[in-house]
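Working notes, structure below.
2 protein chains.
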Amino acid sequence: MQRYFVPNDQMSDKQVTIKGDDASHITRVMRMQPGQSIVCINQKQRVVLCMLESVDSTEVSASIKEEQSVQTELPIEVTIAQALPKGDKFDLIVQKGTELGASGFLPFSAARSIVKWDAKKSAKKIERLEKIAKEAAEQSYRMKLPVIYPNASTKQVIETFHEYTACLILAEEQAKAGETSILAHQLTNMKPGDKLLVLIGPEGGFSEDEIVLFEQAGAKACGLGPRILRTETASLAVLAAISYHFELMR
Amino acid sequence: MQRYFVPNDQMSDKQVTIKGDDASHITRVMRMQPGQSIVCINQKQRVVLCMLESVDSTEVSASIKEEQSVQTELPIEVTIAQALPKGDKFDLIVQKGTELGASGFLPFSAARSIVKWDAKKSAKKIERLEKIAKEAAEQSYRMKLPVIYPNASTKQVIETFHEYTACLILAEEQAKAGETSILAHQLTNMKPGDKLLVLIGPEGGFSEDEIVLFEQAGAKACGLGPRILRTETASLAVLAAISYHFELMR
Numbered sequence: 001m002q003r004y005f006v007p008n009d010q011m012s013d014k015q016v017t018i019k020g021d022d023a024s025h026i027t028r029v030m031r032m033q034p035g036q037s038i039v040c041i042n043q044k045q046r047v048v049l050c051m052l053e054s055v056d057s058t059e060v061s062a063s064i065k066e067e068q069s070v071q072t073e074l075p076i077e078v079t080i081a082q083a084l085p086k087g088d089k090f091d092l093i094v095q096k097g098t099e100l101g102a103s104g105f106l107p108f109s110a111a112r113s114i115v116k117w118d119a120k121k122s123a124k125k126i127e128r129l130e131k132i133a134k135e136a137a138e139q140s141y142r143m144k145l146p147v148i149y150p151n152a153s154t155k156q157v158i159e160t161f162h163e164y165t166a167c168l169i170l171a172e173e174q175a176k177a178g179e180t181s182i183l184a185h186q187l188t189n190m191k192p193g194d195k196l197l198v199l200i201g202p203e204g205g206f207s208e209d210e211i212v213l214f215e216q217a218g219a220k221a222c223g224l225g226p227r228i229l230r231t232e233t234a235s236l237a238v239l240a241a242i243s244y245h246f247e248l249m250r
Numbered sequence: 001m002q003r004y005f006v007p008n009d010q011m012s013d014k015q016v017t018i019k020g021d022d023a024s025h026i027t028r029v030m031r032m033q034p035g036q037s038i039v040c041i042n043q044k045q046r047v048v049l050c051m052l053e054s055v056d057s058t059e060v061s062a063s064i065k066e067e068q069s070v071q072t073e074l075p076i077e078v079t080i081a082q083a084l085p086k087g088d089k090f091d092l093i094v095q096k097g098t099e100l101g102a103s104g105f106l107p108f109s110a111a112r113s114i115v116k117w118d119a120k121k122s123a124k125k126i127e128r129l130e131k132i133a134k135e136a137a138e139q140s141y142r143m144k145l146p147v148i149y150p151n152a153s154t155k156q157v158i159e160t161f162h163e164y165t166a167c168l169i170l171a172e173e174q175a176k177a178g179e180t181s182i183l184a185h186q187l188t189n190m191k192p193g194d195k196l197l198v199l200i201g202p203e204g205g206f207s208e209d210e211i212v213l214f215e216q217a218g219a220k221a222c223g224l225g226p227r228i229l230r231t232e233t234a235s236l237a238v239l240a241a242i243s244y245h246f247e248l249m250r
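Keeping their order, the protein sequence lines are chains A and B. With the UniProt record's numbering applied, the first sequence has no gaps in its numbers, which climb one by one up to 250 at the end. With the UniProt record's numbering applied, the second sequence has no gaps in its numbers, which climb one by one up to 250 at the end.
Structure representation (structure tokens):
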């Protein structure tokens, strides 16, 4: 069933109002009619089954038929601090990372990031990534939208470390050196509601200086197995491992 | 360091010969010179550090300087039986799946596969996927090339079940129904060298008839967590989970 995120003020006790692109999607793409059902989720993770009442390409209203109580969010909040990669790889990282449960994505300019986002490019990119995240969140039955943070510097990323329960650096050197236990150890020590920041380098990896700065600020370098993963694969692999740890290993 | 797979007959005790596209890659793309080093891997997973001796765009020869003993293969062999997806998603599945350690990819026409591969298209596609797998295997430090099997029917896929230790169906219905323990249970019961077949449906999922046929032939349906993953994300998530289980959870 089609799912739509709505702001809290568009979901009352009994009624949901859908505006903008989503209203247009319901009428023009899905060609839905009054009487058909959709699922809506507000910013408090309230999930409701609704029946469409009036349908217009600028505004759709629906009545709430049922509260849904299924939990689809990862028990810990994972933010992916991703050094800017080349090409359109960030699109893939956000789409797949959203499906796999990430709470946020923090793009940043690492020493070896070849791509630069200036202020104008950054605003456009972030708008695009927010759209990708919303579509992926709806398609994958997420209950909240991941946050796309503004493009930061390495220094600014480090300044956010105190907001997290733990910070991990996915480091190729550690992978090559056969480090295999830090991730599992860290996850075992986390409890529901904890916040994890995962730092992922660009194509050329982090510089030694960056690793030192991250470690001095409290982050731990860890490997992700014996194979060397591309930057866009690393975020997906760590999120899938976290899902396996918390959601499937019982 | 650049890595190249070579046939067994091109690696002797002391010497490696590299031909074809790889010789051209060494000379024209990497512009390497005699005296520089590469790593070569033969079909017996022998990994050697070599020094280039003579360099020509059709044939490169190198002398073996060191045997390398690092193990980068998943302890179990995982074959992804992937129902044909739309567009170029199979490229992504093979590239990322190779990085994440898959032993093979078996494309097949499921009931709801919209795409069809005829004999001519199939040959071209498989050649393309083999090239993607080779590049990804070299980049990710794999010790063997994943096999790309010819496009099969559902019936033909079922006929291969007896070759595997276990067969799992990644089923959206199971995910929605909250099944979360079969994958971990299955992995816990597997030992190094065992073979796992993972069946993944097309965009619309498997039909009920297909699931019944698979189950009658001994496969088990399992969920992959509470979120609904796109078909191309499912293979990556299951491989990352398998890596976490066998390689990182100590």
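We put the beta carbon where it would ideally sit given N, CA and C, even for glycine.
- Assignment of A:I148 by DSSP, reduced to helix, strand and coil, places it in the strand class.
- Proximity of chain B to A:I200 at the Cβ level (cut-off 9 Å) is not reached, the minimal Cβ distance being about 14 Å.
- The alpha-carbon separation between B:C40 and B:M51 amounts to approximately 10 Å.
- Chain B places a beta carbon closer than 8 Å to that of A:L229, counting this residue as a contact.
- With distances taken between CA atoms, A:A81 lies nearest to A:S235 out of A:Y244, A:S235, A:L248, A:A240.
- The criterion of a C-beta distance shorter than 8 Å is not satisfied by A:F246 and A:L197.
- Cβ proximity to chain B below 7 Å picks out K96, E99, L100, G101 from the region 92-114 of chain A.
- Taking a Cβ-Cβ cut-off of 8 Å, the neighbours of A:Q139 in chain B comprise I228, R230, given in sequence order.
- The three-state reading of DSSP puts B:K89 in helix, counting H, G and I together.
- Neighbours of A:G225 in chain B, taken as residues at a C-beta separation under 7 Å, are given in chain order as S243, E247, L248.
- It is roughly 23 Å from the alpha-carbon of A:N189 to the alpha-carbon of B:V238.
- With respect to A:Y141, A:T72 sits close: the two C-beta atoms are nearer than 8 Å.
- Taking 9 Å as the upper bound on Cβ-Cβ separation, chain B lies near residues V70, Q71, T72, E73, L74 of the region 56-89 of chain A.
- CA-to-CA, the gap between B:F108 and B:I148 works out to about 11 Å.
- In this chain, the beta strand (DSSP E) harbouring B:E77 covers 77-83.
- For B:Q216, the uninterrupted alpha helix (DSSP H) run begins and ends at 208-216, by DSSP.
- Contact between A:T27 and A:S57 holds, since their C-beta atoms are separated by about 5 Å, short of 8 Å.
- Apart from sequence neighbours up to five positions away, the residues of its chain that approach A:Y164 with a beta-carbon distance below 8 Å are T79, K195, L196, L197, ordered along the chain.
- Here DSSP, grouped into helix, strand and coil, assigns A:Y164 to coil.
- DSSP places B:Q10 within a helical segment (H, G or I) once states are collapsed to three.
- The residue from A:S153, A:M143, A:L248 with its alpha-carbon nearest to that of A:E99 is A:M143.
- Secondary structure note for B:L197: its beta strand (DSSP E) is the uninterrupted segment 195-200.
- Around the C-beta of A:Q216, fewer than 16 other C-beta atoms lie within 10 Å, and the residue is accordingly described as exposed.
- Comparing alpha-carbon positions, the option among A:V115, A:E66, A:G104, A:A119 lying closest to A:D88 turns out to be A:V115.
- In this chain, the beta strand (DSSP E) harbouring A:K19 covers 15-19.
- Here A:E232 is buried. Its C-beta has 16 or more other C-beta atoms within 10 Å.
- Taking 8 Å as the cut-off, the beta carbon of A:Q139 is found closer than this to the beta carbon of B:I228.
- Between B:L129 and chain A, the shortest Cβ-Cβ separation is not below 8 Å.
- At a cut-off of 8 Å between beta-carbon atoms, A:A184 makes contact with chain B.
- Only residues of its own chain outside the window of five on either side were considered, and among them none has a CB closer than 7 Å to the CB of B:R128.
- Taking C-alpha positions only, B:L106 is separated from B:N151 by approximately 7 Å.
- In this structure, the straight-line span from the alpha carbon of A:L224 to that of B:A133 is close to 20 Å.
- Between B:L168 and chain A, the shortest Cβ-Cβ separation is not below 8 Å.
- Here A:M30 is exposed. Its C-beta has fewer than 16 other C-beta atoms within 10 Å.
- Looking from the CA of B:E59, the closest CA among B:S122, B:K19, B:S113 belongs to B:K19.
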